[in-house]
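Residue numbers (my numbering), protein chains in the order written: chain A, 50 to 498; chain B, 114 to 646. Glycine included, every Cβ here is placed at the ideal spot set by N, Cα and C. Because the structure is a prediction, the values reported are computed rather than measured. Notes follow once the structure below has been shown.
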Amino acid sequence: METIVIIGNGIAGVSAARHIRKLSDKRIIIVSAETDYFFSRTALMYVYMGHMKFEHIQPYENWFWEKNRIELVRGYVDHVDVANKKLLIDGSRALPYDNLVVATGSKPNKFGWPGQDLHGVQGLYSKQDLDLLEVNAPNKEVCKRAVIVGGGLIGIELAEMLRSRDIPVTFLVREKNFWNGVLPEGESKMINEHILEHHIDLRLATNLKEIVSDENGKVKSIIIAETGEELPCDMVGLTAGVTPNIDFLKDSGIELGRGVKVNRFLETSAKDVYAIGDCAEQHVAIGYRRPIEPVWYTGRMMCETLAQTLCGNRIEYKPGHWFNSAKFLDIEYQTYGWVFSERGRKDYEAQFHWRHPKEKICVTISFHNDTQQFLGINTFGIRMRHEVFDRWLTENRDMDYVIEHLIDANFDPEFYKHHEAAIVAQYNAEFNKQVKSRKKSLKRIFVSS
Amino acid sequence: MSTYDRSMSLAGPPANIQWHQKLSILLGMFGLCIILLAGFNVEFPNRGLWLTTALTSIFAGTVWFSWDLYRGKYPGIKNDKVWFRSISNLGLGGWLLGIGITAFYIILYFYPEYLGLAKKGPNTGIIALFDPLSKMLSGNPASQWFVYGTLYTVGILAFGIKFMWKYRHNRYERIRTMSVMFFQTAFAFLIPEFMARLNGSSVLQGGSLPFLDLKNIWPLNYYNFESYRVKGFLSSGDIGFAMLIFAIASVFVITPFLTYKFGKRWYCSWVCGCGGLAETVGDSFRQLSDKSVRAWNIERWVVHSVVVFVTLMTTAVIYSYLGNDTSKYWLTKKTFLIGVGVLLTAVFALVMIFKRDEFKKDAKYGAIGYLIVILALIGFHFYSGDGHVFLFQSGTLRKSYSFLIGSIFSGVIGTGFYPILGNRGWCRFGCPMAAMMGFQQRLFSRFRITTNGGQCISCGNCSTYCEMGIDVRAYAQKGENIVRSSCVGCGICSAVCPRGVLKLENGPQKGRIDANQVLLGNDVDLMNLVNQK
């Protein structure tokens, strides 16, 4: 029987196993150095905050794997021998494969800062990082101040985590507004304000110069590049993005870039070796997507495709319309289609931005300057219906249509205050239009099902 | 540097928070102590005043504590440290509290004399302390049930306010909580007491109504159609008759209609008293419900057995007091049994004709339950003698139901085990009303929890905070809507979701149970390909 070995038990590896099992009876083995069972990486923060125990972030009960004949091996893959189709685990065990799937995810970026390997300095990605955080920052007595370097999604999560234990946090962000390489300015600024509301010492346009050690090799303070200021601290979180976790493949002969190079079929340069998830790098970026997409959803989508290929129906990875979500402290963020920040803005892209006068709620819709075609939406503090935006993007709806039917896309819980009227009014005023908000229609919303 | 100093002062919470919390706890404890002292027969000179002081202290202490807990915090999810506290993580605190509440329930149900209930003469102890309030409302001295009802209402009101602060950003939760607070205070507590004042008056043509909480519907209110109650209704003129009709309509018309429109949440988490207590006082324990598939299997067997039991018991009780003579009253033993049989057969047939595809494995369980009931009905008819039904006396059947289900299950275990089984142990494993509405919710209702395309990140907050032990994530991460019979529609899964994936809503039945295996966001051709199979 054909054996498929998957390295990595994150969302990509596990979804691949599940989909392959659904389509076939092949032998499936998942190798992981991190944990015995799959857990939701995005939920690690909630374990530290006390919302859940670690067992709660494991989406499947432990009997699931045996029942579905998915074999789990705990160990670190040192070497991949593509010529003989064999893995070497923990320097001793050899594991032969017929097909190999690399789904090893990422590791935190380190940019060569002096002191980046001191005790008390860490990233936040793995289960081990979470355990380490319990050592470095168990409470505000042991950790009197933490410094976070890098203003992205993991940075703000780490800040929220530490604040849940009342640990004072200084947050160094290289950009002049939070995450403004991705978010348009109005949104970035709103998040700046919200970070301050949570009593986080946000330092914008600030870079780390070095991390200073005490006599025991543990972090004592950090020095800020711009001002030379020295900040005493007990823990430093490095959250300046992630990079594919593929060091073990360096001598394997598989073509590598920053990640494992793959074609549209997710095939690597080696025969019968595939790569999916965070660690895969497309030769040519797909649409506006980046060649490497360290995103939960893309990891999951790739394996739906790969399972088909591995089970005899070779198909290309063709992701649909871009979508993503995150939560910044108390503010939920969703995006559908493409809304670019000032940095990545296309010449044809125009944007309409509405912000609630009091609450931390805003919407940015981007559209084509000439054709008025709807291109994408960012929402903060309002939930939107994925299905509806996906449909509108496919149907190439124009801006007036989207504004008129915005209420159909609202996904907030029942009885929530609606903001469509205010949004439509501002749209009309700004663009000199007479669009009228339609009434919500269940018929339109549920049309496809 | 100046910025550094500023952030230091921003960082720590004000020092007096601890101080506030301690005082508020002390105030609440003071109120409880007054009641406890009364229990040890300490004589309070002015009972009315002391009772007011006690209840006000408990209420104010709880509200003060909650205000202190949530003030100064930005609106949002407040589950920090839930699993670190021994009271809410099945630790020592939880077990001690559980044992404490359980002990209270055992005394309440089985040894009310320790609360001061007197068989003859005036009450003593705690019950006597509540006499002034009871006399003010209904004109009668208090009973252990009045004491319980009062404390229950104070609990729902005080913790309801806490809940509304905790979820102050969520209007669904706020409005729902106002609803349970209203129904508890008005329907469960005040109206029945006021109605008692009418007993014997000309409005009721001299009759006297049984104690009736209008929103307490059969089979939750399993004794509603017993002989003494039906007699009470029928003796009380038009009002009494109207109430009997309302009680029957509640079962056969109102409940099915509202459950069709809104799912069973209209009752379980908007109206019901048990649900009201669970959602407010019990909110801190919702994460303790067991989410394993094993627990789900136990749940289905236990709760449906209770449905069969209550149907049998009620049929037997009504059967036992009906006559055989059609000339006296149109409803005789025989017509009643035939009526019940026809009704059950009709329901079963309808389900099998219209919904058998959605039924599959469950059909077997349904059929077994149905068979038992039908066989029992036949048994009633052939083996019943004078007062005997089957091998049991209907009285014995009723007594064992009342003891096992009414007292032990719904009270002692249901509430006493909040810190152990979670706050909906009774609703999940025991309540026959919830099971019957759940059956309808699964098959004939517009309600569902919609999963938002492909946005789920499998974090598990929804499953963890589901008080009914539904593994919500198992559906959401596959892109499936959640249509489960046990869902009471509390809306917390949707509230705690960090990515806006879940929405409780009512919509067309077509496509409600939607099992797309490939999540939205992927290649359209692939999705079509996979979903064709």
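Within the same chain, Val437, Lys489, Ser490, Arg493, Ile494 come within 7 Å of A/Asp457 by CB-CB distance, once the 5 residues on both sides are set aside. By the criterion of a C-beta distance shorter than 6 Å, B/Gly350 is surrounded in its chain by Leu317, Gln318, once the five residues flanking it on both sides are discounted. Residue range 411–417 is occupied by the beta strand (DSSP E) that includes A/Cys411. Listed along chain B are Gly620, Pro621, each with a C-beta nearer than 8 Å to that of A/Leu491. Comparing C-alpha distances from A/Ile410 to each of A/Met101, A/Ala65, A/His243, A/Ile271 shows the shortest one belongs to A/His243. Cβ neighbours of A/Ser175 within its own chain (closer than 6 Å, five residues either side excluded): Glu83. Listed along chain B, no residue sits closer than 8 Å to A/Phe416 by beta-carbon distance, the nearest being about 21 Å off. According to the DSSP secondary-structure assignment, A/Thr276 is paired through a beta bridge with no residue.
Going by beta carbons, A/Gly286 and A/Gly172 fall inside the 9 Å limit. Contacts with chain B at 9 Å (Cβ-Cβ) do not include A/His468.
Bridge pairing for B/Lys616: B/Thr563 [DSSP]. Nearest C-alpha to A/Gly154 among A/Asp300, A/Gly308, A/Asp396: A/Gly308.
At least one beta carbon of chain B lies nearer than 9 Å to the beta carbon of A/Met98. Taking the C-beta atoms as reference points, A/Ile335 is found nearer than 9 Å to A/Pro368. In the three-state reduction of the DSSP assignment, B/Leu325 falls in the coil class, being assigned neither a helical nor a strand state.
Spatial neighbours of A/Gln421 in its own chain (CB-CB distance under 8 Å, excluding positions within 5 residues in sequence) are listed in chain order as Asp447, Met448, Asp449. At a cut-off of 9 Å, the C-beta of A/Gln165 has no neighbouring C-beta in chain B. Close to B/Cys572, with beta-carbon spacing below 7 Å, are these residues of chain A in chain order: Ser89, Thr91, Ala92, Tyr95, Ile106. Listed in chain order, the non-local C-beta contacts of A/Val96 below 7 Å within the same chain comprise Lys102, Phe103, Ile106, Leu179, local neighbours out to five positions each way being set aside.
In this structure, B/Ala216 keeps its C-beta atom at 9 Å or more from the C-beta atom of B/Ile240. Beyond the five residues adjoining it in sequence on each side, B/Ser247 comes within less than 7 Å, by CB distance, of Asn253, Pro254, Ala255, Phe259 in the same chain, given in chain order. DSSP lists A/Thr413 as the bridge partner or partners of A/His402.
In the DSSP assignment, A/His128 is bridged to A/Leu137. Excluding five sequence positions before and after B/Asp636, none of the CB atoms of its chain fall closer than 6 Å to its own CB.
Taking C-beta separations shorter than 7 Å and ignoring five residues to either side along the sequence, the partners of B/Ser571 in its chain run Arg586, Gln590, following chain order. Within the DSSP bridge table, the entry for A/Lys156 names A/Thr292 as partners. Exclusion of the five residues before and after A/Val261 leaves Gly164, Val268, Lys269, Ser270, Ile271, Ile272, Glu279 as the residues of its chain whose Cβ lies within less than 8 Å of its Cβ. Taking one beta carbon from each stretch, the segment 377–391 of chain B and the segment 324–335 of chain B have 3 or more pairs nearer than 8 Å; the two touch.
In this structure B/Tyr335 does not touch B/His417 by the C-beta definition: roughly 16 Å separates them, more than the 8 Å allowed. Among the residues of chain B, those whose CB is under 7 Å from the CB of A/Met350 are Gly634, Asn635, following chain order. Boundaries of the beta strand (DSSP E) harbouring A/Thr52: 52–56, taken from the DSSP string.
Contact check for A/Ile205 against A/Thr219 fails: the beta carbons are separated by 9 Å or more. Using a Cβ-Cβ cut-off of 9 Å, A/Tyr366 counts as an interface residue toward chain B, since at least one Cβ of chain B sits closer than that to its own. Interface with chain A (9 Å Cβ-Cβ cutoff): B/Val486 is excluded.
Within the segment 600–614 of chain B, the residues whose Cβ lies closer than 9 Å to any Cβ of chain A are, in chain order, Gly604, Ser607, Ala608, Val609, Cys610, Pro611, Arg612, Gly613, Val614. Assigned with DSSP and collapsed to three states, A/Glu190 falls in coil, not helix or strand.
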